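All letters in the sequence shown, in the order written, are residues 621 to 751 by this note's numbering.
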Amino acid sequence: MRLSFLLPQLPSQDLSSRYVSSCWSIGLFLFCALLLNACSSEGTLPNADSRGGKIFTAQCARCHGSDARGGQGPSLRSDTLSAEIIEDALIEGPKSMPSFAKSLSEIDRGTITDFILELHALDKEEKEKTT
Ligand code: HEC
Numbered sequence: 621m622r623l624s625f626l627l628p629q630l631p632s633q634d635l636s637s638r639y640v641s642s643c644w645s646i647g648l649f650l651f652c653a654l655l656l657n658a659c660s661s662e663g664t665l666p667n668a669d670s671r672g673g674k675i676f677t678a679q680c681a682r683c684h685g686s687d688a689r690g691g692q693g694p695s696l697r698s699d700t701l702s703a704e705i706i707e708d709a710l711i712e713g714p715k716s717m718p719s720f721a722k723s724l725s726e727i728d729r730g731t732i733t734d735f736i737l738e739l740h741a742l743d744k745e746e747k748e749k750t751t
């Protein structure tokens, strides 16, 4: 009895307009998500899919940032870093950085050093393209 009394309070037109507005909000949400993604792609690693990139993401990103621009540790995208500086840091583990002398093989340390230097070259290329 009571229920059938309440039902007419939900006219079908109201329902469909609610449906339309929820579609709009989902659409708006997706649009924002896409926009955010497009903006943040600048902060990603151009060579993330390489072997060095995978080691970086697994071992270094938590301190140096997922885009290597720094976090707890300094940015690794500064071209003042040479192969020697990077390899020394990996072996010695300055300050709060752990040493990777044992946890990474010499080959992997070389791969990650090449990865960082490649990142500098790619950054330089990108800079030249835009100026
Ligand atoms: C626990 C956090 C942590 C991890 C993990 C870590 N680092 Fe570091 N790293 C640091 C900190 C902090 C410094 C700065 C030390 C200092 O001030 O001397 C640093 C310094 C460095 C430097 C020297 C930078 C310079 O300007 O001289 C290099 C190169 C480096 N890290 C590379 C790496 C690589 C490659 C990895 C992954 C294999 C890695 N780090 C993992 C925290 C970390």
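Built from N, CA and C at the ideal position, the CB exists for glycine as well.
Please read all numbers here as calculations on a predicted model, not as lab measurements.
Residue i: CB within 6 Å of a non-hydrogen atom of ligand 1
i	result
lysine 747	no
serine 670	no
phenylalanine 735	no
glycine 691	no
isoleucine 711	no
serine 716	yes
isoleucine 706	yes
isoleucine 732	yes
Assigned exposure category for residue i - 16 Cβ within 10 Å defines buried
i	result
threonine 664	exposed
aspartate 687	buried
arginine 729	buried
alanine 709	buried
isoleucine 706	buried
leucine 648	exposed
isoleucine 732	buried
isoleucine 736	buried
leucine 650	exposed
Residue interval of the alpha helix (DSSP H) (run including residue i)
i	result
arginine 671	671–679
Inspect the CB distances between the stretch 673–693 and the stretch 707–727 and report whether three or more fall short of 8 Å. yes
Which runs of the alpha helix (DSSP H), 4 residues or longer, sit entirely within the stretch 678–729? 681–684, 703–712
Please confirm if the stretch 719–727 is in contact with the stretch 687–702, defined as three or more CB-CB distances below 8 Å between the two stretches. no
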